[in-house]
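Participant: After the structure tokens below, expect a handful of questions from me.
2 protein chains.
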Amino acid sequence: MSTRTGPEGMHQGRTGRPRSLAADAAILAATREALVDVGWSRLTMSDVAARAGVAKTTLYRRWPGRNELVVDAVAVLFDELELPDLGSLPADVESVVRQFGALLERPEAKTALMAVIAEATRDEALRQRIRTAIVERQKRLVVAGRRRAEERGEIPPPPDAETASRDTDLIFDVVAGAVVHRTLVSAERVDADWARRLTELILTGLSARRTGG
Amino acid sequence: MSTRTGPEGMHQGRTGRPRSLAADAAILAATREALVDVGWSRLTMSDVAARAGVAKTTLYRRWPGRNELVVDAVAVLFDELELPDLGSLPADVESVVRQFGALLERPEAKTALMAVIAEATRDEALRQRIRTAIVERQKRLVVAGRRRAEERGEIPPPPDAETASRDTDLIFDVVAGAVVHRTLVSAERVDADWARRLTELILTGLSARRTGG
DNA sequence: CAGTTACGCTACGACTCGTAGCGAAAGCCC
DNA sequence: GGGCTTTCGCTACGAGTCGTAGCGTAACTG
Numbered sequence: 000m001s002t003r004t005g006p007e008g009m010h011q012g013r014t015g016r017p018r019s020l021a022a023d024a025a026i027l028a029a030t031r032e033a034l035v036d037v038g039w040s041r042l043t044m045s046d047v048a049a050r051a052g053v054a055k056t057t058l059y060r061r062w063p064g065r066n067e068l069v070v071d072a073v074a075v076l077f078d079e080l081e082l083p084d085l086g087s088l089p090a091d092v093e094s095v096v097r098q099f100g101a102l103l104e105r106p107e108a109k110t111a112l113m114a115v116i117a118e119a120t121r122d123e124a125l126r127q128r129i130r131t132a133i134v135e136r137q138k139r140l141v142v143a144g145r146r147r148a149e150e151r152g153e154i155p156p157p158p159d160a161e162t163a164s165r166d167t168d169l170i171f172d173v174v175a176g177a178v179v180h181r182t183l184v185s186a187e188r189v190d191a192d193w194a195r196r197l198t199e200l201i202l203t204g205l206s207a208r209r210t211g212g
Numbered sequence: 000m001s002t003r004t005g006p007e008g009m010h011q012g013r014t015g016r017p018r019s020l021a022a023d024a025a026i027l028a029a030t031r032e033a034l035v036d037v038g039w040s041r042l043t044m045s046d047v048a049a050r051a052g053v054a055k056t057t058l059y060r061r062w063p064g065r066n067e068l069v070v071d072a073v074a075v076l077f078d079e080l081e082l083p084d085l086g087s088l089p090a091d092v093e094s095v096v097r098q099f100g101a102l103l104e105r106p107e108a109k110t111a112l113m114a115v116i117a118e119a120t121r122d123e124a125l126r127q128r129i130r131t132a133i134v135e136r137q138k139r140l141v142v143a144g145r146r147r148a149e150e151r152g153e154i155p156p157p158p159d160a161e162t163a164s165r166d167t168d169l170i171f172d173v174v175a176g177a178v179v180h181r182t183l184v185s186a187e188r189v190d191a192d193w194a195r196r197l198t199e200l201i202l203t204g205l206s207a208r209r210t211g212g
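Chains H and W supply the protein sequences, listed in that same order. Residue numbering for the first sequence is 0 to 212, as defined by numbering that gives the first Met the number 0. Residue numbering for the second sequence is 0 to 212, as defined by numbering that gives the first Met the number 0.
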């Protein structure tokens with residue numbers, strides 16, 4: 000698959016002993032476990048290797064370093080998010096907001112996400128990895144929600160592809176950013192009431208803007 | 000001042016040689032400089048000490064560790080944000096959005112902010128430090144903007160103190176979260192157009208919600 | 001079978017950590 | 001001034017981590 004985010008440098012399409020897929024899974028699970036236990040700054044490769052039951056060298060054969068390993072270990076968590084068809088745009092949006100809030104309450108998700116973002120500010124390759132492994136992947140939720148709302152007649156189709164794309168980006172930044180900020184910076188829970196108020200704010204803002212010019 | 004965020008454990012109200020204020024400033028400046036040069040994960044106390052021209056022990060006499068040092072080194076950057084009276088609420092909000100966007104483009108700000116937030120997910124004391132040193136401090140912008148808009152008659156006064164407080168929190172999370180997400184996760188600039196569109200989204204959302212019930 | 005690659009294990013130099021001890025410096029109070 | 005207290009820069013230390021290299025073995029291909 001083209002958006003494969005797993006370990007790199009694999010030559011296993013060739014001859015020789017193939018890499019253990021079980022080791023892959025064990026390492027990623029061990030990384031998440033270690034993140035919960037010791038956090039980011041105290042997470043060591045030796046620790047992860049020991050938890051996974053593999054040698055430290057096996058980690059370095061697959062990932063260049065901690066940062067890349069953690070990105071991959073956490074990216075799969077975001078794939079759990081889905082957009083159930085609840086019959087209306089507000090209900091759909093609120094559902095995703097609450098799912099995302101619940102996801103960010105899991106220690107391994109919040110710790111790892113912020114840590115890798117911090118590292119990415121000085122590492123273009125890592126930034127790219129985050130973008131393909133997480134960000135672009137999850138924009139599917141916004142795109143699907145808009146398409147579904149259009150089909151229901153809740154929102155008008157976008158005037159052109161350019162504004163559609165920019166709106167998608169804006170919505171994504173606002174929703175994801177607000178949830179992240181609420182959870183990690185303000186350190187408060189994303190409860191049903193907050194999710195409803197955020198959804199209301201965004202949707203009325205969008206619809207009023209459209210109809211008002 | 001009561002919200003002093005500087006080094007702790009100072010007994011300098013007593014007798015003996017007082018701590019060098021110049022060393023304080025030099026250390027914080029050196030920390031920001033090191034963040035720009037080497038990033039977060041490779042920032043070492045020895046490096047900071049060398050840049051500041053002080054001994055490593057001097058750092059540990061004032062701060063418990065890297066995390067606390069970095070919070071203090073970065074907190075002052077956020078005090079630069081201000082709310083100029085531009086005559087209308089949209090103009091005021093857009094101004095702060097752009098200021099915040101510009102601030103987060105500075106390497107020391109973005110790197111340090113995300114890094115300490117990541118660490119804070121497993122450190123209650125650090126979380127508290129961030130909250131008092133940065134978050135609660137900057138909510139002043141939202142509070143001032145609302146008060147000013149009320150005086151202008153642009154928005155109605157809040158029905159009660161409870162909803163006023165929750166609205167302040169929501170607005171803060173949405174605005175700050177969106178800017179942070181745009182800058183650090185999506186890795187795109189907060190330009191004039193984006194700031195205008197975000198402002199429009201939020202303000203129409205808020206006003207429509209109020210008038211519409 | 002031979003060839004190739006991944007595996008676990010051990011060992012290594014380099015680096016950072018946080019602390020301790022030292023003598024000197026810089027301020028207070030009498 | 002003298003005495004007291006605290007900070008200063010400096011050096012040294014054990015502990016821990018890093019990322020790599022080398023080894024013999026295991027697993028799969030043709």
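Where a beta carbon is used, it is the ideal one built from N, C-alpha and C, also for glycine.
Does the Cβ of residue 29 (chain H) have 16 or more other Cβ atoms within 10 Å, making it buried, or fewer, making it exposed?
Facilitator: Residue 29 (chain H) sits at position 30 when you count from the first residue of the first sequence. Residue 29 (chain H) comes out buried.
Participant: I'd like to check one pair, residue 117 (chain H) with residue 111 (chain W): are the Cβ atoms closer than 9 angstroms?
Facilitator: Residue numbering aside, residue 111 (chain W) sits at position 112 when the second sequence is read from its first letter. Residue numbering aside, residue 117 (chain H) sits at position 118 when the first sequence is read from its first letter. Cβ distance < 9 angstroms, so residue 111 (chain W) and residue 117 (chain H) count as in contact.
Participant: Report all residues from its chain with a CB closer than 7 angstroms to the CB of residue 177 (chain W); omit the five preceding and five following residues, and keep chain order.
Facilitator: Numbered from its first residue, the second sequence carries residue 177 (chain W) at position 178. 197, listed in sequence order.
Participant: Taking only the alpha-carbon atoms, compute the straight-line gap between residue 23 (chain W) and residue 105 (chain W) and give it to the nearest angstrom.
Facilitator: For the purposes of this step, residue 23 (chain W) is identified with residue 24 of the second sequence, where counting begins at 1. For the purposes of this step, residue 105 (chain W) is identified with residue 106 of the second sequence, where counting begins at 1. The alpha-carbon atoms of residue 23 (chain W) and residue 105 (chain W) are separated by roughly 22 angstroms.
Participant: Taking the straight line between their C-alpha atoms, what separation do you get for residue 51 (chain W) and residue 13 (chain W)?
Facilitator: Counting from one through the second sequence, the residue named residue 51 (chain W) turns up at place 52. Counting from one through the second sequence, the residue named residue 13 (chain W) turns up at place 14. Roughly 26 angstroms separates the two Cα atoms.
Participant: In this structure, how does DSSP classify residue 57 (chain W) when only helix, strand and coil are distinguished?
Facilitator: In the second sequence, the residue the question calls residue 57 (chain W) occupies position 58. It is helical.
Participant: Report the neighbours of residue 39 (chain W) on chain H: residues whose CB is nearer than 7 angstroms to its CB, in chain order.
Facilitator: Translated into positions along the second sequence, residue 39 (chain W) becomes position 40. Under the 7 angstroms cutoff, chain H gives 117, 118.
Participant: Please work out which residues of its chain come closer than 7 angstroms, Cβ to Cβ, to residue 98 (chain H), disregarding the five sequence neighbours upstream and downstream, and give them in chain order.
Facilitator: Here the question's residue 98 (chain H) lines up with position 99 in the first sequence. These residues qualify, in order along the chain: 80.
Participant: At least one CB of chain W closer than 9 angstroms to the CB of residue 154 (chain H): is that the case?
Facilitator: To locate residue 154 (chain H), count along the first sequence from 1; it is residue 155. Taking Cβ atoms only, chain W never reaches closer than 9 angstroms to residue 154 (chain H), which makes this a no.
Participant: Report buried or exposed for residue 1 (chain W), applying the criterion of at least 16 other Cβ atoms within 10 angstroms of its Cβ.
Facilitator: If you number the second sequence from 1, residue 1 (chain W) lands on position 2. Note that residue 1 (chain W) has pLDDT 34, beneath the 50 cutoff, so the model's placement of it is unreliable and the number below is only indicative. By the neighbour-count rule (16 or more Cβ atoms within 10 Å), residue 1 (chain W) is not buried but exposed.
Participant: So, at 6 angstroms on beta carbons, what are the nonlocal neighbours of residue 213 (chain H) in its own chain, with the 5 sequence-adjacent residues on each side left out?
Facilitator: Given that chain H is displayed from residue 0 to residue 212, the structure contains no residue 213 (chain H) and the question cannot be resolved.
Participant: Can residue 25 (chain W) and residue 53 (chain W) be called in contact, C-beta distance under 9 angstroms?
Facilitator: As a position in the second sequence, residue 25 (chain W) is number 26, starting the count at 1. As a position in the second sequence, residue 53 (chain W) is number 54, starting the count at 1. In contact: residue 25 (chain W) and residue 53 (chain W) (Cβ atoms closer than 9 angstroms).
Participant: Should residue 67 (chain W) go down as buried or exposed, given a rule of 16 or more other Cβ atoms within 10 Å for buried?
Facilitator: Translated into positions along the second sequence, residue 67 (chain W) becomes position 68. By the 10 Å Cβ count, residue 67 (chain W) comes out buried.
Participant: Would a C-beta distance cut-off of 9 angstroms place residue 174 (chain H) and residue 201 (chain H) closer than the cut-off?
Facilitator: Start at 1 with the first residue of the first sequence, and residue 174 (chain H) comes out as number 175. Start at 1 with the first residue of the first sequence, and residue 201 (chain H) comes out as number 202. Cβ distance < 9 angstroms, so residue 174 (chain H) and residue 201 (chain H) count as in contact.
Participant: With a cut-off of 9 angstroms, does the C-beta of residue 203 (chain W) fall near any C-beta of chain H?
Facilitator: The residue you call residue 203 (chain W) lines up with position 204 of the second sequence. Yes - at least one Cβ of chain H is within 9 angstroms of the one on residue 203 (chain W).
Participant: Could you spell out where the alpha helix (DSSP H) holding residue 16 (chain W) opens and where it closes?
Facilitator: Against the second sequence, residue 16 (chain W) aligns to sequence position 17. Element bounds for residue 16 (chain W): n/a, residue is neither H nor E.
Participant: To the nearest angstrom, report how far apart residue 212 (chain H) and residue 64 (chain W) are at their CA atoms.
Facilitator: The residue given as residue 212 (chain H) occupies position 213 in the first sequence. The residue given as residue 64 (chain W) occupies position 65 in the second sequence. Confidence at residue 212 (chain H) is low in this model, with a pLDDT of 41, below 50, so the placement of that residue should be treated as unreliable; the coordinate-derived value is given next. Looking at the two C-alpha atoms, the distance is approximately 53 angstroms.
Participant: Starting from residue 168 (chain W), find everything on chain H with Cβ-Cβ shorter than 7 angstroms and list it in chain order.
Facilitator: On the second sequence, position 169 is the one that residue 168 (chain W) refers to. Those within 7 angstroms of residue 168 (chain W) in chain H are 185.
Participant: Who are the neighbours of residue 134 (chain W) on chain H, taking C-beta pairs under 7 angstroms?
Facilitator: Counted from its first residue, the second sequence places residue 134 (chain W) at position 135. Within 7 angstroms of the CB of residue 134 (chain W), the CB atoms of chain H belong to 184, 185, in sequence order along the chain.
Participant: Could you check what DSSP says for residue 83 (chain H) in three-state terms: helix, strand or coil?
Facilitator: One-based indexing of the first sequence puts residue 83 (chain H) at position 84. Of the three classes helix, strand and coil, the one that applies to residue 83 (chain H) here is coil, per DSSP.
Participant: With 9 angstroms as the limit, tell me which residues of the stretch 85 to 116 of chain W have their beta carbon closer than that to any beta carbon of chain H; keep them in chain order.
Facilitator: 106, 109, 110, 111, 112, 113, 114, 115, 116
Participant: By the 10 Å Cβ neighbour count, where 16 or more other Cβ atoms means buried, how is residue 123 (chain W) classified, buried or exposed?
Facilitator: Taking the first residue of the second sequence as 1, we reach residue 123 (chain W) at position 124. By the neighbour-count rule (16 or more Cβ atoms within 10 Å), residue 123 (chain W) is not buried but exposed.
Participant: I'd like to check one pair, residue 96 (chain H) with residue 189 (chain H): are the Cβ atoms closer than 9 angstroms?
Facilitator: Position 190 of the first sequence holds residue 189 (chain H). Position 97 of the first sequence holds residue 96 (chain H). Taking 9 angstroms as the Cβ cut-off, residue 189 (chain H) and residue 96 (chain H) qualify as a contacting pair.
Participant: Beta-carbon separation of residue 140 (chain W) and residue 72 (chain W) under 9 angstroms?
Facilitator: Within the second sequence, numbered from 1, the residue matching residue 140 (chain W) stands at position 141. Within the second sequence, numbered from 1, the residue matching residue 72 (chain W) stands at position 73. In this structure, residue 72 (chain W) does not lie closer than 9 angstroms to residue 140 (chain W) by Cβ.
Participant: Going straight from the alpha carbon of residue 162 (chain W) to that of residue 206 (chain W), what length do you get?
Facilitator: The residue labelled residue 162 (chain W) in the question sits at position 163 within the second sequence. The residue labelled residue 206 (chain W) in the question sits at position 207 within the second sequence. C-alpha separation (whole angstroms): 15 angstroms.
Participant: Closest to residue 147 (chain H) by CA distance: which of H:87, H:138, H:109 is it?
Facilitator: Walking along the first sequence from the start, residue 147 (chain H) turns up at place 148. Minimum Cα distance to residue 147 (chain H) is reached at H:87.
Participant: So residue 144 (chain H) packs on residue 203 (chain W), CB below 8 angstroms; how close in whole Å?
Facilitator: On the first sequence, residue 144 (chain H) is found 145 positions in, with the first residue counted as 1. On the second sequence, residue 203 (chain W) is found 204 positions in, with the first residue counted as 1. Not quite, the Cβ-Cβ distance comes to about 20 angstroms (not below 8 angstroms), so this is no contact.
Participant: Give the straight-line distance between the Cα atoms of residue 193 (chain H) and residue 165 (chain W), rounded to the nearest whole angstrom.
Facilitator: Reading the first sequence from its first residue, position 194 is the one you call residue 193 (chain H). Reading the second sequence from its first residue, position 166 is the one you call residue 165 (chain W). The straight-line gap from Cα to Cα measures roughly 9 angstroms.
Participant: Using a beta-carbon distance below 9 angstroms, is residue 62 (chain W) in contact with chain H?
Facilitator: The residue given as residue 62 (chain W) occupies position 63 in the second sequence. Answer no: the Cβ-Cβ gap between residue 62 (chain W) and chain H never drops below 9 angstroms.
Participant: Please go through the same chain and pick out, in chain order, the residues whose beta-carbon is closer than 6 angstroms to the beta-carbon of residue 77 (chain H), but skip the five residues on each side of it.
Facilitator: In the first sequence, counting from the first residue as 1, residue 77 (chain H) sits at position 78. The residues are 133, 137.
Participant: For residue 119 (chain H), I'd like the list of residues in its chain whose CB is within less than 6 angstroms of its CB, leaving aside the five on either flank, ordered along the chain.
Facilitator: Within the first sequence, the letter at position 120 stands for residue 119 (chain H). Within the same chain, residue 119 (chain H) has close Cβ partners 125, 126, 129.
Participant: Does the beta carbon of residue 176 (chain W) sit closer than 9 angstroms to a beta carbon anywhere in chain H?
Facilitator: On the second sequence, residue 176 (chain W) is found 177 positions in, with the first residue counted as 1. By this cut-off, residue 176 (chain W) is an interface position.
Participant: Using the Cα positions of residue 19 (chain H) and residue 168 (chain H), report the straight-line distance between them to the nearest angstrom.
Facilitator: Numbered from its first residue, the first sequence carries residue 19 (chain H) at position 20. Numbered from its first residue, the first sequence carries residue 168 (chain H) at position 169. Near 38 angstroms, if we compare the C-alpha coordinates of residue 168 (chain H) and residue 19 (chain H).
Participant: Are any of the Cβ atoms in chain W nearer than 9 angstroms to that of residue 1 (chain H)?
Facilitator: In the first sequence, residue 1 (chain H) corresponds to position 2, counting from 1. At residue 1 (chain H), the pLDDT of 35 sits below 50, so the modelled position is not reliable and the matter cannot be decided from this model.
Participant: Would DSSP call residue 160 (chain H) helix, strand or coil?
Facilitator: Here residue 160 (chain H) is taken as the residue at index 161 of the first sequence, counted from 1. DSSP places residue 160 (chain H) in helix when its eight states are reduced to three.
Participant: Buried or exposed: where does residue 114 (chain W) fall if 16 or more other Cβ atoms within 10 Å of its Cβ makes it buried?
Facilitator: Indexing the second sequence from 1 puts residue 114 (chain W) at position 115. It counts as buried.
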